Amino acid sequence: MSPRTIKALLKKDIALFTGNRFYLLITVIGLIFYIAIYLILPSKVDEKLSLGMYAPVVPPAFEQLTAQGAEIDFFETEEALKQVVLDGDHQVGVSLPADIMDIWNAGGKPDITVYYSATAPPEIAEAIVTLIKELSYIQTGQALQFDTTEEILGPDLLGAQIALRDRMRPMLAVLILLTEVMTLAALIAVEIEQGTARALLVTPMRTSDLFAAKGILGVGLALGQAVIFMGLVGGFSHQPILILTTLILASIFVVGAGFLLASLARDTNAVTGWGIMVLILLAVPGFGAVVPGLLADWAKAIPSYYLIDTVNRVVNYGAGWGDVSGNLLVMSGITAVLLGAGLAVLRRRFQ
Amino acid sequence: MKFNRVGILVKNEVLHGPKDVMLVIAVVFPILAALFINLAFGNIFTDKAKLGIYDQGTSRVVPILESSDTIIYKSFNSELALRAAAADGAIDMGIVLPGDFDIVLGTGTVSLKAFIWGESQAKNRALIPIALADAVRAAAGSELPVTIDTVALGDEASLPWSDRLLPLIVLMGVFYSGLMIPSSALINEKQHRTLEALYVTPATLGDIFLSKGIIAVALATVMGVLTLVLSGSFSGPAPLIVLVLFLGAMMATEIGLLAGAWVGDMNSLFAVLKAGGILLFGPAIVFMFPQIPSWVGYVFPTYYVIRPVVDLAVNGASVGDVAVFIGVLSAIVVLGGLAVASVVRRLSTQALRLNA
Chain A
1 MSPRTIKALL KKDIALFTGN RFYLLITVIG LIFYIAIYLI LPSKVDEKLS LGMYAPVVPP
61 AFEQLTAQGA EIDFFETEEA LKQVVLDGDH QVGVSLPADI MDIWNAGGKP DITVYYSATA
121 PPEIAEAIVT LIKELSYIQT GQALQFDTTE EILGPDLLGA QIALRDRMRP MLAVLILLTE
181 VMTLAALIAV EIEQGTARAL LVTPMRTSDL FAAKGILGVG LALGQAVIFM GLVGGFSHQP
241 ILILTTLILA SIFVVGAGFL LASLARDTNA VTGWGIMVLI LLAVPGFGAV VPGLLADWAK
301 AIPSYYLIDT VNRVVNYGAG WGDVSGNLLV MSGITAVLLG AGLAVLRRRF Q
Chain B
1 MKFNRVGILV KNEVLHGPKD VMLVIAVVFP ILAALFINLA FGNIFTDKAK LGIYDQGTSR
61 VVPILESSDT IIYKSFNSEL ALRAAAADGA IDMGIVLPGD FDIVLGTGTV SLKAFIWGES
121 QAKNRALIPI ALADAVRAAA GSELPVTIDT VALGDEASLP WSDRLLPLIV LMGVFYSGLM
181 IPSSALINEK QHRTLEALYV TPATLGDIFL SKGIIAVALA TVMGVLTLVL SGSFSGPAPL
241 IVLVLFLGAM MATEIGLLAG AWVGDMNSLF AVLKAGGILL FGPAIVFMFP QIPSWVGYVF
301 PTYYVIRPVV DLAVNGASVG DVAVFIGVLS AIVVLGGLAV ASVVRRLSTQ ALRLNA
């Protein structure tokens, strides 16, 4: 391989990439979009039920509300309570009558009003109603006897929940990387479509130089963006070397996939079309990180699973090299096969 | 314009036309999106606790839990499966109901085994036992010692996220097909110079545009219906919903034909779609966030497709409720048709880049 030739090819490809306004625009806007999505999403998880309460007298059983996982703000008047719900400060407000204990003592049924914001998810009000029903039973001496033996599975994150945006972080990072499959494939497809690849091959340049230049460009494009994203969203706060290694591996995977896509697609239109389909497929495991328990075991057949799972476990659960070595090994194998296949098919297409 | 020529063109397009990746995107992508959004996103934004039960007997509590609005209920056939589901977060809590649960509950304390997902939130861990107790009391016919009134405050109604995302799914179904199929077909014909070949036959440009439009309208209507069905929202007056989707498909196709006439290559088409995407999918954002004033929706042409569909399919509206929207939609479609006719009349071989 000739470094001079590779450098010249890289210069040409960068000019080609920046000259394609469509992909350049997508690349820049995409990166901004991903970072914006992360920053817009809530950074905390509201672990407790938050409610406002107007209660001139608080029944003893209702004092357990806080222990039941609720955060309560008390208000002086029912009107004030309604106003905070209307203002959106609380999604639900509970109003207890002043004579609630007297009514119960007399064997009656007190009226409790639950105010909820019409824009709040319906399940919030339903949860509060269920809670109040149970506390009323307890208050009237009708407690149910459950003796529960509990087993916590996995790390107990009570009080330290992973926010939705952090759950999305691995998926966003890997999506940024995988989008470059399309970019790289399009750059190669243009060469094939316009015949410039054949023209280049009649020069002293060898196919290995061409592939090396394309590979370096692909890794650079994918890795550069992923590193910028992860840097800005705190993705390197734990085990930065391990994350960087995973991203490098992912970038090489992108190059292999890009080579294969370019060699199989008929033209740039086909690259764009099939690229979107491939991207959707590769993005599927990402949703498993966002919604735990969503995906069945078949998702492990999608290569990107091992990338996303690695980033997820390291960034969100503090995993180390030993914990993810299996994933890295599988991913290295898949990447080697993909790269080999991509190079072989592409070489045949060029020659 | 001769109908038999258009018919031949439609037949040839369907039988021998390009079955390229655009067709795959237009058909497969909306279906995947509908399935995915329905399966996944409906649950991402829900705050409901997920309870799994392995019932070793036939407890009367189970049917009550199944119909509970407070939690999401899942049934398991073994303790092992229940444990695995709690371990990977498919449920917040898994409870094993012993075979004699109902009997023992009436006489004393019941011992339950519970598997808790470590990432489950405090409120979910608290709410599930309460929901279970509520179901037990309902099964036992206990009298609730309190009257609870629920009062909604504010004007805007809350819709579950699966319903809020419905407009986006339907718009994707109708507009991916209606817009992409004719525009990409025309661009492909221009790029491969087959339009030039067609142009020297007795077929006029009007015939060619019409044939591509007919295919796109048919496909887009079917895709609109399909995405509604897949989302479980095809309810209400079916003929009226299909009519609205048909009109929406016509609007999408008209935009697609105009784009196909003006745009020279696929990359430019994607760039145009990206820039114009906000006009097409803007109403979906209005539906997603009730905080956005509803009048904003009136600005977007596609609002008049999606508003009657959502009103009819989700909100149970009557014909009278949506008549104005359908009227405006029809007017837009007529105007679009006139615009396409005008463009086709003015198009020259040079404008189409034929003989270039």
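The listed protein sequences derive, respectively, from chains A and B. Just so you know, we're using the numbering used here here: the first sequence kicks off at 1 and counts up by one. Just so you know, we're using the numbering used here here: the second sequence kicks off at 1 and counts up by one. Note that beta-carbon positions come from the ideal geometry of N, C-alpha and C, so glycine has one too. This structure is a prediction, so every number in the text was calculated from the model and none was measured.
Listed by chain order, chain A residues near residue i by CB distance under 9 Å
i, result
"Lys113(B)", "Thr148, Thr149, Glu150 and Glu151"
"Trp117(B)", "Ile152, Leu153, Gly154, Pro292 and Gly293"
"Arg137(B)", "Lys133, Glu134, Tyr137, Gln142 and Leu144"
"Asp321(B)", "None at all; the shortest Cβ gap to chain A is about 20 Å."
"Ser142(B)", "Tyr137 and Gln142"
N- and C-terminal bounds of the beta strand (DSSP E) containing residue i
i, result
"Ile112(A)", "Asp111 to Ser117"
"Thr66(A)", "It is not in any beta strand (DSSP E) - Thr66(A) carries neither H nor E in the DSSP assignment."
"Asp55(B)", "Ala49 to Asp55"
"Trp117(B)", "Val110 to Trp117"
"Met230(A)", "Counting along the chain, Met230(A) falls outside any beta strand (DSSP E), though it belongs to the alpha helix (DSSP H) covering Thr207 to Leu232."
Opening and closing residue of the alpha helix (DSSP H) in which residue i lies
i, result
"Ser251(A)", "Pro240 to Leu264"
"Leu144(A)", "Neither: Leu144(A) is in no alpha helix (DSSP H) and is coded neither H nor E."
"Phe175(B)", "Leu166 to Gln191"
"Thr203(A)", "Run containing Thr203(A): none; DSSP gives neither H nor E here."
"Asp89(A)", "No alpha helix (DSSP H) contains Asp89(A), which DSSP labels as neither H nor E."
"Thr5(A)", "Pro3 to Gly19"
"Ala252(B)", "Ala238 to Trp262"
"Val151(B)", "Segment Thr147 to Leu153 is the beta strand (DSSP E) holding Val151(B); no alpha helix (DSSP H) there."
"Gln194(A)", "Leu164 to Gln194"
"Glu79(B)", "Glu79 to Ala87"
"Tyr298(B)", "From DSSP, Tyr298(B) is part of no alpha helix (DSSP H); its letter is neither H nor E."
"Thr201(B)", "From DSSP, Thr201(B) is part of no alpha helix (DSSP H); its letter is neither H nor E."
"Asn316(A)", "Ser304 to Tyr317"
Beta-bridge pairing of residue i - partner residues as DSSP gives them
i, result
"Asp207(B)", "Beta-bridge pairing links Asp207(B) to no other residue."
"Ile71(B)", "Ala49(B)"
"Ile95(B)", "Ile53(B) and Ala114(B)"
"Phe74(A)", "Met53(A)"
"Leu153(A)", "Trp117(B)"
"Val225(B)", "Paired residues: none, contrary to the question."
"Ser59(B)", "Answer by DSSP bridge pairing: none, since Ser59(B) is not bridged."
"Thr130(A)", "Answer is none; Thr130(A) lacks a bridge partner."
Exposure of residue i, with buried meaning 16 or more beta-carbon neighbours within 10 Å
i, result
"Asn355(B)", "In this predicted model, Asn355(B) has a pLDDT of only 44, less than 50, meaning its place in the structure is not dependable; the value taken from the coordinates is given anyway. Burial call: exposed."
"Arg125(B)", "buried"
"Phe45(B)", "Residue placement at Phe45(B) is poorly supported in this model, since its pLDDT is 49, which falls under 50; the coordinates are not used for a value here."
"Phe33(A)", "exposed"
"Phe74(A)", "exposed"
"Ile187(B)", "buried"
"Glu180(A)", "buried"
"Pro252(A)", "In the sequence as presented, Pro is not what sits at residue 252(A); that position holds Ile. Result: buried."
"Gly276(B)", "exposed"
"Asp13(A)", "buried"
"Glu79(A)", "exposed"
"Trp295(B)", "exposed"
"Trp321(A)", "exposed"
"His90(A)", "buried"
"Asp166(A)", "buried"
Contact set between residue i and chain B, taken where Cβ atoms lie within less than 7 Å
i, result
"Val85(A)", "Leu153"
"Ala125(A)", "Thr150"
"Tyr38(A)", "By Cβ distance, chain B contributes nothing, its closest Cβ being about 16 Å from Tyr38(A), past 7 Å."
Contact list for residue i against chain B, beta-carbon separation under 8 Å
i, result
"Trp104(A)", "Pro145"
"Leu157(A)", "Gly118 and Glu119"
"Tyr116(A)", "Thr150, Val151, Ala152 and Leu153"
Within chain A, the residues that residue i reaches when beta carbons sit closer than 7 Å
i, result
"Gln121(B)", "Val45, Glu47 and Gln161"
"Ile130(B)", "Thr130, Leu131 and Glu134"
"Ala86(B)", "Leu153"
"Lys48(B)", "Glu123"
"Leu32(B)", "Ile280"
Beta-carbon neighbours of residue i, restricted to chain A and to distances below 8 Å
i, result
"Gly206(B)", "The contacting residues do not exist; Gly206(B) stays about 26 Å from chain A at best."
"Leu186(B)", "Here the premise fails: no neighbours, minimum Cβ distance about 13 Å."
Per-residue contacts from residue i into chain B (C-beta, under 9 Å)
i, result
"Thr113(A)", "Ile148, Asp149, Thr150 and Val151"
Worksheet item: Can you find at least 3 beta carbon pairs, one from the segment 128 to 145 of chain B and one from the segment 63 to 70 of chain B, that sit closer than 8 Å?
Response: Yes: the two stretches touch, three or more of their Cβ pairs being nearer than 8 Å.
Item to complete: Flag this pair as touching only if the segment 92 to 109 of chain B and the segment 85 to 103 of chain A have three or more C-beta atom pairs under 8 Å; answer yes or no.
Response: Contact between the segment 92 to 109 of chain B and the segment 85 to 103 of chain A is absent, because fewer than three Cβ pairs lie under 8 Å.
Worksheet item: Are the segment 84 to 91 of chain B and the segment 112 to 125 of chain B touching by the rule of at least three beta carbon pairs closer than 8 Å?
Response: Counting C-beta pairs closer than 8 Å gives three or more between the segment 84 to 91 of chain B and the segment 112 to 125 of chain B, which meets the contact rule.
Item to complete: Inspect the CB distances between the segment 266 to 276 of chain A and the segment 185 to 201 of chain A and report whether three or more fall short of 8 Å.
Response: These segments touch.
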